[in-house]
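So the number in the working numbering is just where the residue sits in the sequence shown, counting from 1, plus 68. Each residue gets a CB set at the ideal place from its N, CA and C atoms; glycine is no exception. Below you'll find the structure, written out as structure tokens, and then a few comments.
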Amino acid sequence: DSVETRNSEQGIFMRQIVPEEGEDHTRWLAGMLKLWLDDEWSLQKPHAELGRQAAVKCTAMRLEGCEEMGSLVMGVASELLTFDFSDTFVNSFEVANKCSEILMMREGYEVCCINKDDLSRQARYDELVASGGE
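This is how it looks when you write it as structure tokens:
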């Protein structure tokens, strides 16, 4: 079995994660999304919950075998439609799209439309975790 990511004319595919990765994947993705939201706007209380909800849905979909990025984006965006975005500066599709960008960067895909903060976010998140900040 290959664990490599792959893409084709039918879409971009991520490797399938296994149940043992689920909790760590959720924690990591939620933290990365919160850091992105805090970086792009300002510290807002809903950022942690928004990141958590998106990460829980994305992880559940990946554990169920969903590997195609377009499907993951649509599933996460749909899940977030009921989230109260009134204290944020984003919407469900922006969060779902950033979720896919973060995952693609982690898997080694070249991602368009990213900035220097996107490129350094993983290292900054790792530093936060190591210092007990997240």
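Margin query: Please report the straight-line C-alpha distance between P114 and L103, rounded to a whole angstrom.
Written below: If I take the Cα positions, the gap works out to 12 Å.
Notebook entry, point to check: If we count the other Cβ atoms within 10 Å of its Cβ and call it buried at 16 or more, is E132 buried or exposed?
Noted result: Exposed, because fewer than 16 other Cβ atoms sit within 10 Å of the Cβ of E132.
Margin query: Using only the alpha-carbon positions, how far apart do L101 and G79 sit?
Written below: Answer to the nearest angstrom: the Cα atoms are 23 Å apart.
Item checked: The beta strand (DSSP E) enclosing F161, as first and last residue numbers -> No beta strand (DSSP E) contains F161, which is instead part of the alpha helix (DSSP H) from S160 to R174.
Notebook entry, point to check: Should E147 be labelled buried (16 or more other beta-carbon atoms within 10 Å of its own) or exposed?
Noted result: buried
Next item on the list: Could you name the residues of the same chain whose beta carbon sits closer than 7 Å to that of W109, not counting the 5 residues immediately before and after it, in chain order?
Entry: F157
Next item on the list: Identify whether G79 lies in helix, strand or coil by the three-state DSSP scheme.
Entry: strand
Notebook entry, point to check: So, G149 versus M82, is the Cβ gap smaller than 9 Å?
Noted result: Residue identity differs from the one stated: residue 149 is Leu in this sequence, not Gly. The Cβ atoms of L149 and M82 lie no closer than 9 Å to each other.
Item checked: Bridge-paired residues (DSSP) for E136 -> F81
Check: If you draw a straight line from the alpha carbon of A122 to that of M137, how long is it in whole angstroms?
Finding: 14 Å
Next item on the list: Quick one: residues in its chain with C-beta nearer than 8 Å to the C-beta of A98, no 5 flanking neighbours on either side, listed in chain order?
Entry: A116, G119, R120, A122, A123 and V124
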